[in-house]
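Note that the protein sequences, when read in sequence, are chains A and B. Counting in numbering that gives the first Met the number 0, the first sequence tops out at residue 344, every number present. Counting in numbering that gives the first Met the number 0, the second sequence tops out at residue 344, every number present. Where a beta carbon is used, it is the ideal one built from N, C-alpha and C, also for glycine.
There are 2 protein chains.
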Amino acid sequence: MATATLTIDLDALITNWRALDARTEVPTAAVVKADGYGLGADRAARALMRAGVDTFFVAVAEEGAALREAVGPSPIINVFGGHMSGDTDMMSDMMLTPMLNSIDQIVRHFEALPEHPFGIQLDTGMNRLGLEEAEWAAVAETVLSRSPKLVMSHLACADEPEHPMNPQQLATFKRLTDGINVPRSLAATGGILMGSDYHFDLTRPGVGLYGGMPFVEATPVTSLSIPVIQIRDVAEGETVGYSNTWIAERDSRVATISAGYADGLIRAMGANVDVFANEIRCPVIGRVSMDLITVDVTDVPEEHKTLELLGLHQSVDTVAEAAGTIGYEILTSLGARYYRRYKSA
Amino acid sequence: MATATLTIDLDALITNWRALDARTEVPTAAVVKADGYGLGADRAARALMRAGVDTFFVAVAEEGAALREAVGPSPIINVFGGHMSGDTDMMSDMMLTPMLNSIDQIVRHFEALPEHPFGIQLDTGMNRLGLEEAEWAAVAETVLSRSPKLVMSHLACADEPEHPMNPQQLATFKRLTDGINVPRSLAATGGILMGSDYHFDLTRPGVGLYGGMPFVEATPVTSLSIPVIQIRDVAEGETVGYSNTWIAERDSRVATISAGYADGLIRAMGANVDVFANEIRCPVIGRVSMDLITVDVTDVPEEHKTLELLGLHQSVDTVAEAAGTIGYEILTSLGARYYRRYKSA
Numbered sequence: 000m001a002t003a004t005l006t007i008d009l010d011a012l013i014t015n016w017r018a019l020d021a022r023t024e025v026p027t028a029a030v031v032k033a034d035g036y037g038l039g040a041d042r043a044a045r046a047l048m049r050a051g052v053d054t055f056f057v058a059v060a061e062e063g064a065a066l067r068e069a070v071g072p073s074p075i076i077n078v079f080g081g082h083m084s085g086d087t088d089m090m091s092d093m094m095l096t097p098m099l100n101s102i103d104q105i106v107r108h109f110e111a112l113p114e115h116p117f118g119i120q121l122d123t124g125m126n127r128l129g130l131e132e133a134e135w136a137a138v139a140e141t142v143l144s145r146s147p148k149l150v151m152s153h154l155a156c157a158d159e160p161e162h163p164m165n166p167q168q169l170a171t172f173k174r175l176t177d178g179i180n181v182p183r184s185l186a187a188t189g190g191i192l193m194g195s196d197y198h199f200d201l202t203r204p205g206v207g208l209y210g211g212m213p214f215v216e217a218t219p220v221t222s223l224s225i226p227v228i229q230i231r232d233v234a235e236g237e238t239v240g241y242s243n244t245w246i247a248e249r250d251s252r253v254a255t256i257s258a259g260y261a262d263g264l265i266r267a268m269g270a271n272v273d274v275f276a277n278e279i280r281c282p283v284i285g286r287v288s289m290d291l292i293t294v295d296v297t298d299v300p301e302e303h304k305t306l307e308l309l310g311l312h313q314s315v316d317t318v319a320e321a322a323g324t325i326g327y328e329i330l331t332s333l334g335a336r337y338y339r340r341y342k343s344a
Numbered sequence: 000m001a002t003a004t005l006t007i008d009l010d011a012l013i014t015n016w017r018a019l020d021a022r023t024e025v026p027t028a029a030v031v032k033a034d035g036y037g038l039g040a041d042r043a044a045r046a047l048m049r050a051g052v053d054t055f056f057v058a059v060a061e062e063g064a065a066l067r068e069a070v071g072p073s074p075i076i077n078v079f080g081g082h083m084s085g086d087t088d089m090m091s092d093m094m095l096t097p098m099l100n101s102i103d104q105i106v107r108h109f110e111a112l113p114e115h116p117f118g119i120q121l122d123t124g125m126n127r128l129g130l131e132e133a134e135w136a137a138v139a140e141t142v143l144s145r146s147p148k149l150v151m152s153h154l155a156c157a158d159e160p161e162h163p164m165n166p167q168q169l170a171t172f173k174r175l176t177d178g179i180n181v182p183r184s185l186a187a188t189g190g191i192l193m194g195s196d197y198h199f200d201l202t203r204p205g206v207g208l209y210g211g212m213p214f215v216e217a218t219p220v221t222s223l224s225i226p227v228i229q230i231r232d233v234a235e236g237e238t239v240g241y242s243n244t245w246i247a248e249r250d251s252r253v254a255t256i257s258a259g260y261a262d263g264l265i266r267a268m269g270a271n272v273d274v275f276a277n278e279i280r281c282p283v284i285g286r287v288s289m290d291l292i293t294v295d296v297t298d299v300p301e302e303h304k305t306l307e308l309l310g311l312h313q314s315v316d317t318v319a320e321a322a323g324t325i326g327y328e329i330l331t332s333l334g335a336r337y338y339r340r341y342k343s344a
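Okay, structure coming up:
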């Protein structure tokens, strides 16, 4: 077998959820959009349900429908993207709760599904999703008379706790919602870590569950072990890989391993990333190609059948830094070709 | 519906294969590894078979097994990664032809499946996959007595036709294989374009089929249309998106569209890329987030329900340039959340 093995530790996922839940006095939902940040929304959600999660968030109705089939009728499934044209049957049949983002969506929802649960997303400064302040002022009374299940907003700078945008969005959210008799939610992972002012009535962590920053204490959830296809001797002065970008500065041993950017190992990480032979750090050399990566294993005494790219020795965020991106993108890029092994006690 | 629609033009795929086939006097295979460069190996291969393709290449045995189920018993399926430990049953049951890369693989194959077809991959300087010259010298006679189906190698710099590595690898390949009575293959898309010296007995285009460089005359195969979730007014001086990276220099209209880096729209493209409202170019603003992208639509007179990121107005390679990568990675990153529409006359 030449496909790499992605191991997903469902116990670590639950440990992370419990740790974030313990930071607040309020209920904790779980965000499983983008197929559970690339790790499998169905398996992640079922594990989280066993730990007590009863509310999930997804990005779009189609994700909600697939999740409903995985988790059964009881959990609440909230849809950040709201109620789009063409979504009505899915919202209704799959019991999804749209977070309505605009007057258009509110009108669509009230006309199509007048008795169906909904939430409201307010924009508090990110200017991405949600009602503007003036729009909310115009419709709040009508909307509130229909008993929304949740009023929420999203922080633009929660990964930088000292950013002045955070207290500014908090103040706006309070100004727009203080005194209403509806549960409120503002905090994802970053918001949870900023303290109780941000917690309101429900938190909704995403990346922290999956072992990513800004939740520094997260338990790693993923490990990635990549088979070695072959090992060769490369003489000093020889080149390796596309466009000859790596030139051997000494007589070297080079391993070719079976994964590449088609597996989500972002091409930009190139030679900035390492892989591990047990404890020994081995530099990636040359370009990451579609299905293959070459590694300098000159300093590894014995031959290894696999090398590890993610795991205890290297986190999603370290790999992200090598690729010039954030851990979130490393997770959601993890590819379809891996053999996925779900670990649970 | 808030998921974006990825349209894959199977007729364009066939047009590209025919155009590349017409550049040579020899048979033309098709590379459909990495799930057909992200576009669906099963659909791509079945379309290509109708155009006359009878030989496919994949990266690993697992891909070959899935492809065999899609295309039935007749086509040849060659596996670049060769015969790995644990692959034997799949090779045999699914009638896959491994390109053996090392002495280890040759021994494994001859012991496990002595009568089963195989090919040989030689390293001619890329130092990634294939037998080294000295290894080939040691085993060539034995191997050739077993009648390999193909002897192949891969060019490291074929996307740069003037690179001295190309004639050097060509000379090495000829030195290692001239006079043998076995079909030979050296050229993928780039090699086809470099002329008949590189064509030998079989070419095996990949990226050119799917509309990517270096096949400049390729017909575009993909288009990507992304639904608008909402449009808002943003006053001069307001910020948009994560970390407030975009600040409105004028009163603006901002559309939030439903796709992001979890859909393979690489985060690094950020504000370097545009989307299109029919003919009108609209700049992406702020950061690409996981499920959402914000777009400046101030100069678009009417409201559009969707905006186009890939298609006639913008190629895979233009998007790649914005993201600091190559078209190949844009293709293989295209995500699982899209509604995929296959177009064929």
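Nearest to residue i (by Cα), restricted to the options the options
i, options, result
"B/N180", "B/I75, B/L12, B/E140", "B/E140"
"B/N126", "A/H312, A/V294, A/L309, A/E320", "A/V294"
"A/G326", "A/D298, A/T221, A/I279", "A/T221"
"B/F214", "B/R17, B/A247, B/V78", "B/R17"
"B/P282", "B/D298, B/S288, B/S195, B/P116", "B/D298"
"B/L143", "B/D177, B/A261, B/A170", "B/D177"
"B/R183", "B/R203, B/D86, B/G51", "B/R203"
"A/P300", "A/N277, A/M289, A/R286, A/G81", "A/N277"
"A/M289", "B/T324, B/L309, B/T305, B/E302", "B/T324"
"B/S242", "A/L223, A/L19, A/G63, A/P160", "A/P160"
Within chain A, partners of residue i - CB distance below 9 Å
i, result
"B/G240", "M125, N126, R127, A155"
"B/K32", "A261, M289, D290"
"B/R340", "Here the premise fails: no neighbours, minimum Cβ distance about 15 Å."
"B/N100", "I228, Q229, T255"
"B/D86", "M0, A1"
"B/Y337", "Neighbours of B/Y337 on chain A: none; closest Cβ ~10 Å, over 9 Å."
Residue i burial status per 10 Å Cβ neighbour count (16 or more: buried)
i, result
"A/D34", "buried"
"B/E328", "buried"
"B/A21", "exposed"
"A/S257", "buried"
"A/R340", "exposed"
"A/I105", "buried"
"A/P147", "buried"
"B/L175", "buried"
"B/A344", "exposed"
"B/L311", "exposed"
"B/Y197", "buried"
"A/P97", "buried"
"A/D273", "buried"
"A/A170", "exposed"
"A/M85", "According to the sequence shown, residue 85 of chain A is Gly rather than Met. Flag for A/G85 reads exposed."
"A/E114", "exposed"
"A/N15", "buried"
Within chain B, the residues that residue i reaches when beta carbons sit closer than 9 Å
i, result
"A/T317", "Result: empty, since nearest Cβ-Cβ is about 17 Å, beyond 9 Å."
"A/E132", "In chain order: nothing, as chain B lies at least about 11 Å away."
"A/R174", "The contacting residues do not exist; A/R174 stays about 17 Å from chain B at best."
"A/R203", "What A/R203 touches in chain B: nothing, since even the nearest Cβ is about 14 Å away."
Contact set between residue i and chain B, taken where Cβ atoms lie within less than 7 Å
i, result
"A/D8", "Near A/D8 there are no residues of chain B at all, since even the closest Cβ is about 21 Å away, more than 7 Å."
"A/T348", "The first residue shown for chain A is 0 and the last is 344, placing residue 348 of chain A beyond what the model contains."
"A/V233", "N126"
"A/G323", "A267"
Contacts that residue i makes with chain B (C-beta to C-beta distance below 8 Å)
i, result
"A/Y197", "Residues of chain B passing the Cβ test: none, with the nearest at roughly 17 Å."
Proximal residues of chain A, C-beta to C-beta of residue i below 8 Å
i, result
"B/M164", "T238, N243"
"B/A186", "Per Cβ cutoff of 8 Å: no residues; B/A186 is ~15 Å from chain A at best."
"B/A60", "M0, A1"
"B/Y327", "Y260, M289"
Within chain A, the residues that residue i reaches when beta carbons sit closer than 7 Å
i, result
"B/T331", "Y260, A261, M289"
"B/G80", "A1, I228, S257"
Runs of beta strand (DSSP E) lying entirely within the region 188-233 of chain B, each at least 3 residues, in chain order: Taking only runs of at least 3 residues, the beta strand (DSSP E) segments lying wholly in the region 188-233 of chain B are 221-233.
With three or more C-beta pairs closer than 8 Å as the rule, is the region 8-28 of chain B touching the region 197-214 of chain B? Yes: at least three Cβ pairs fall under 8 Å.
Check whether the region 308-317 of chain B touches the region 237-248 of chain B, taking contact to mean three or more Cβ pairs, one atom from each stretch, closer than 8 Å. no
Starting from the N-terminal side, write out each stretch of the beta strand (DSSP E) that is 3 residues or longer and does not extend beyond the region 308-343 of chain B. Here the runs fully enclosed are 338-342.
Determine contact between the region 42-58 of chain A and the region 24-34 of chain A, defined as no fewer than three beta-carbon pairs at a distance below 8 Å. Contact holds between the region 42-58 of chain A and the region 24-34 of chain A, because three or more Cβ pairs, one in each stretch, are under 8 Å apart.
Quick one: any contact between the region 64-81 of chain B and the region 247-255 of chain B, if contact means 3 or more CB pairs under 8 Å? no
What ranges does the beta strand (DSSP E) occupy inside the region 26-108 of chain A, keeping only unbroken runs of at least 3 residues that lie completely in it? Counting only runs of 3+ residues, the beta strand (DSSP E) found wholly inside the region 26-108 of chain A occupies 54-57, 75-78, 95-99, in chain order.
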